[in-house]
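Undergrad: In our numbering, the protein residues as written are 99 to 432.
(1) Taking residue 231 and residue 259 to be in contact with their CB atoms under 8 Å, please state how far apart those CB atoms are, rounded to whole angstroms.
(2) Go ahead and pull the three-state DSSP assignment for residue 342.
(3) With distances taken Cα to Cα, identify the nearest neighbour of residue 165 among 149, 214 and 148.
(4) Taking DSSP as the reference, what is the three-state secondary structure of residue 189?
(5) Kindly list the residues whose CB is nearer than 7 Å to the CB of residue 148, restricted to its own chain and excluding five residues on each side of it in sequence; keep chain order.
(6) Skipping 5 residues on each side, what residues in its chain have a beta carbon closer than 8 Å to that of residue 376?
(7) When the Cβ atoms of the stretch 171-184 are set against those of the stretch 324-331, are three or more pairs found closer than 8 Å?
(8) What residue ranges within the stretch 190-223 form continuous beta strand (DSSP E) runs of no fewer than 3 residues, ordered along the chain?
(9) In terms of alpha-carbon separation, which member of 419, 427 and 181 lies closest to residue 319?
(10) Could you tell me which residues DSSP pairs with residue 144 in its beta bridges?
(11) Mind reading off the beta-carbon distance from residue 399 to residue 421? Whole number of angstroms is fine, and I expect it under 8 Å.
(12) Taking all protein chains shown into account, do 16 or more other C-beta atoms lie within 10 angstroms of the C-beta of residue 235, making it buried, or fewer, making it exposed?
(13) Based on the DSSP output, what are the partners of residue 154 in its beta bridges?
(14) Could you tell me how far apart the beta carbons of residue 160 and residue 191 are, in whole angstroms, since I believe they sit closer than 8 Å?
(15) Relative to the C-alpha of residue 267, which candidate in 225, 281 and 292 has its C-alpha closest?
(16) Out of 283, 144 and 406, state which residue places its alpha-carbon closest to the alpha-carbon of residue 303.
(17) Have a look at residue 332 and residue 184 and give me their C-alpha separation to the nearest angstrom.
(18) Does the Cβ of residue 419 have 16 or more other Cβ atoms within 10 Å, making it buried, or fewer, making it exposed?
(19) Could you give the distance in angstroms between the alpha-carbon of residue 395 and the alpha-carbon of residue 387?
(20) Just checking my contact of residue 427 with residue 364 at CB under 8 Å: how many whole Å lie between their CB atoms?
(21) If we ignore side chains and look at the alpha-carbon of each, how far apart do residue 389 and residue 229 end up?
(22) From residue 262 to residue 212, what distance separates their C-alpha atoms?
(23) Going by DSSP, what residues sit across from residue 356 in a beta bridge?
(24) Contact defined as beta carbons within less than 8 Å: I believe residue 316 pairs with residue 385. What is the distance between those atoms, to the nearest angstrom?
(25) How would you call residue 78, buried or exposed, if buried means at least 16 neighbouring beta carbons within 10 angstroms?
(26) Who are residue 180's beta bridge partners in DSSP?
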């Protein structure tokens, strides 16, 4: 029935996304009519400066729009690639830094990359953000003074506020899925270029999720965890809206194809000598290919590898041969 009414289906998806965004953020009445075909994403990027008793000090804070109890993704540089570690929650914020709650699951280390996301419609204009930020810091500084110390770092915050005010109009004019960055001091010297592969892979996973893909668990528990803090509300709404709707419960049941466990098992048998992060990537991509309708599998893998943190796999003929065998094995088991 839905396939016979494409315009009704498209309107239904749009309405579902608008309702999600309306309820996602209290007081966001004016944001309901945002353009849902792009997220207008802004990355928050920083590093763990030090760790004390399990609590990480991060060079991202109030001036970067962080809030208490917000989730941030932690990703560790290892040689020339990156390993997802998990998610931490912000315990306390300061002007340009924050501290996280200690975690029994995630053990941060100094030098770990910390990320979060904003969407343009969530951000205040430069002057409004500056005024509200300064009021907030005055209250914090007054409270801190009664305890004998100050958290109001004027020189650091002034530069960050100026950068925000200069960038906000540019973000509003930008066109693309990622339109800007809120960077801690550790990224101010161009370090963002060093994580280009990581950002590409995160974007690739987000795009598959946006159009309704359900294969994120195939990337592994840690990737699933960090992506929960990096999707953004629009992509989350688009993912939900892309799910099939039917009155027939039988049509909503899981397909009888290979499970994530099946794919992971076969990939690790065939590619036992590869890096764990390469195995997680290939497991995710194989599961995604089996879920999607792909015409040219070889070309599709070339495109996906090019968007990952391992672009050199594009030139690895042995990998492509093994992938063909993996897919054949999984299809033969059906």
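In this text, a Cβ means the ideal position worked out from N, Cα and C, and glycines have one as well.
TA: Let me lay it out:
(1) 7 Å
(2) coil
(3) 214
(4) strand
(5) 155 and 208
(6) 369, 408 and 411
(7) yes
(8) 196-198 and 211-217
(9) 181
(10) 212
(11) 6 Å
(12) buried
(13) 149
(14) 5 Å
(15) 225
(16) 406
(17) 22 Å
(18) exposed
(19) 8 Å
(20) 5 Å
(21) 49 Å
(22) 19 Å
(23) Residue 356 pairs with nothing; no bridge assigned.
(24) 4 Å
(25) Outside the modelled stretch of the chain, which goes from 99 to 432, sits residue 78, for which no answer is possible.
(26) 175
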